[in-house]
Amino acid sequence: MRASTNELLHAAYGQYALGAFNVCNLEQVHGLFRGATEARAPVIVQFTRVMRDYAHPLMLEQLLRGAAMIYPNVTFAVHHDHGDEASCADAIESGHYSSVMIDASHLPFEQNVAATSRVVEMAHRRGLAVEAELGQLKGVEDEMSVEGKDALLTDPAQAEEFVERTGCDSLAVAVGTSHGAYKFSGSQRLRLEVLAEIKRRLAGFPLVLHGGSAVPRDEIERIRNSGGEFDSSASGVPEGDLSQAISLGVTKVNIATDGRLIWTRVHREFFRDHPGEFDFMQPGRTYMKDFAGFVEGKCRSLGAAGKSPTLDHSANPSRNHAAAKPGASASLAKPSASSALKSKRKGRREHPKFAAR
Ligand SMILES: [Zn+2]
6 MRASTNELLH AAYGQYALGA FNVCNLEQVH GLFRGATEAR APVIVQFTRV
56 MRDYAHPLML EQLLRGAAMI YPNVTFAVHH DHGDEASCAD AIESGHYSSV
106 MIDASHLPFE QNVAATSRVV EMAHRRGLAV EAELGQLKGV EDEMSVEGKD
156 ALLTDPAQAE EFVERTGCDS LAVAVGTSHG AYKFSGSQRL RLEVLAEIKR
206 RLAGFPLVLH GGSAVPRDEI ERIRNSGGEF DSSASGVPEG DLSQAISLGV
256 TKVNIATDGR LIWTRVHREF FRDHPGEFDF MQPGRTYMKD FAGFVEGKCR
306 SLGAAGKSPT LDHSANPSRN HAAAKPGASA SLAKPSASSA LKSKRKGRRE
356 HPKFAAR
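All residue numbers for the sequence shown refer to our numbering, where the first residue is 6 and numbers rise by one.
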């Protein structure tokens, strides 16, 4: 069942984080929804601008319509990841998304404020939430690439001003992670002290961690052993750092690389071990199973397992073929939590800065 990104974020804040998984083919969608079913965890399904170009927005939309019917117990929000103004406008107009990310972090501060504000106005008019980004992550994701020298940590004072001026609903912060499989060099780790200062200034406001993949050593070794070329410095965010980040306001953790590493390992090993095979469904089945297991485990480590709202099947038939409206939400398990959430959201919308404290 579809849910509102904002409701999921505010229900999670300070207690657990939502896994936000980048997926764009049917094996990934099956794996994601199976994993979320097993963990009974709400999830955010996200498509980047490049993925929408790759698969076609309508194909992605139909995949999720199918998934919602096949896996009726999964509560999920649909998010457009790393959009520009044009792709955000398209996603908002499509009626298929609950939230969009405007990534204008490569622009100077004032231009980022202006671009984000324009998307916020457009999105809020239609009831969608907006994630913005301040600071820059290095690394490569889809066709976006930022050199290490251009990476910039988020300035906490600027973050406070940015949120106040733009009215965005969540903020992606650069606190030391990178996109891709090489997140840290040497002993470098997540900059928790920067996160702590951002939280002090923006208490109650959902922060988003991009580049949240763990890049497990075992996956890298198996890929190397089946012909892949990763060097041994490939590394990601350790689980322990994630739980500290959650206590410091991180409410959404973006995960793309880990899903791609599993895909690479499964297919490399399959074709290494079965050089005469050409049936994509055989490794495809393994991928769906392994990706589902990964999603389930990730939801557990983020604390989101068992947090799926109770579904009201009488009000929302699980096999309703009609398109879900953006912002349509699942009923939360505890009415008291739901009403507290509503008043908090309402207050925050009017006074984004002050009601958050
Ligand atoms: Zn990202």
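We treat Cβ as the ideally placed atom computed from N, Cα and C, and that holds for glycine.
Got a sec: does ligand 2 put a non-hydrogen atom nearer than 7 Å to the Cβ of residue i?
i, result
"Gly216", "Here the bound small molecules are ligand 1; ligand 2 is not part of this structure."
So for residue i, helix, strand or coil by DSSP?
i, result
"Arg131", "coil"
"Tyr102", "coil"
"Glu66", "helix"
"Asp58", "helix"
"Tyr18", "coil"
"Tyr187", "strand"
"Leu157", "strand"
"Ser240", "strand"
"Phe235", "coil"
"Val220", "coil"
"Gly289", "helix"
"Gly144", "strand"
"Val28", "coil"
"Phe283", "coil"
"Ser323", "With a pLDDT of 40 at Ser323, under the threshold of 50, the modelled position of that residue is not reliable, and no figure is offered here."
"Ala94", "helix"
"Leu112", "coil"
"Ser313", "coil"
"Leu247", "helix"
"Leu307", "coil"
"Arg270", "helix"
"Arg194", "coil"
"Leu200", "helix"
"Ala208", "coil"
"Gly302", "helix"
"Gly71", "helix"
"Met172", "Reading off the sequence, residue 172 comes out as Gly, not Met. Note: Gly172 maps to coil in three-state DSSP."
To the nearest whole angstrom, what separates the beta carbons of residue i and residue j, a pair I think is in contact under 8 Å?
i, j, result
"Gly241", "Thr269", "Contact doesn't hold; Cβ gap of about 15 Å is too wide."
"Ser313", "Ala46", "6 Å"
"Ala73", "Ser103", "Not a contact, Cβ separation roughly 13 Å."
"Ser110", "Arg57", "Ser110 to Arg57, Cβ: 19 Å. No contact."
"Tyr59", "Leu307", "Contact doesn't hold; Cβ gap of about 27 Å is too wide."
"Ala94", "Met64", "Actually they are not in contact, since the Cβ atoms of Ala94 and Met64 sit about 20 Å apart, beyond 8 Å."
"Leu176", "Leu139", "6 Å"
"Thr256", "Leu197", "Between Leu197 and Thr256 the Cβ distance is about 16 Å, and since that is not below 8 Å, they are no contact."
"Ile49", "Leu31", "With 8 Å as the limit, Ile49 and Leu31 do not qualify as a contact, their Cβ atoms being about 19 Å apart."
"Ala134", "Val79", "About 20 Å separates the two Cβ atoms, so there is no contact after all."
"Val124", "Gly172", "Not a contact, Cβ separation roughly 10 Å."
"Ile228", "Arg273", "6 Å"
"Ala250", "Leu195", "6 Å"
Is residue i buried or exposed, if buried means 16 or more other CB atoms sit within 10 Å of its CB?
i, result
"Arg7", "buried"
"Met106", "buried"
"Arg39", "buried"
"Ser252", "exposed"
"Pro280", "exposed"
"Phe296", "buried"
"Glu301", "buried"
"Phe275", "buried"
"His84", "buried"
"Asp108", "buried"
"Phe283", "exposed"
"Ala208", "exposed"
"Met286", "exposed"
"Ala164", "buried"
"Asp223", "exposed"
"Asp278", "exposed"
"Gln67", "exposed"
"Glu244", "exposed"
"Gly254", "buried"
"Gln33", "buried"
"Arg54", "buried"
"Gly88", "buried"
"Asn259", "buried"
"Glu98", "exposed"
Do residue i and ligand 1 come close, with the Cβ less than 7 Å from some heavy atom?
i, result
"Asn259", "yes"
"His111", "no"
"His87", "yes"
"His184", "yes"
Could you tell me which residues DSSP puts in a beta bridge with residue i?
i, result
"Lys257", "Leu23 and Val213"
"Val178", "Leu139 and Leu214"
"Ile107", "Gly88 and Ala137"
"Thr53", "Asp86"
"Arg7", "Phe81"
"Val48", "Phe81"
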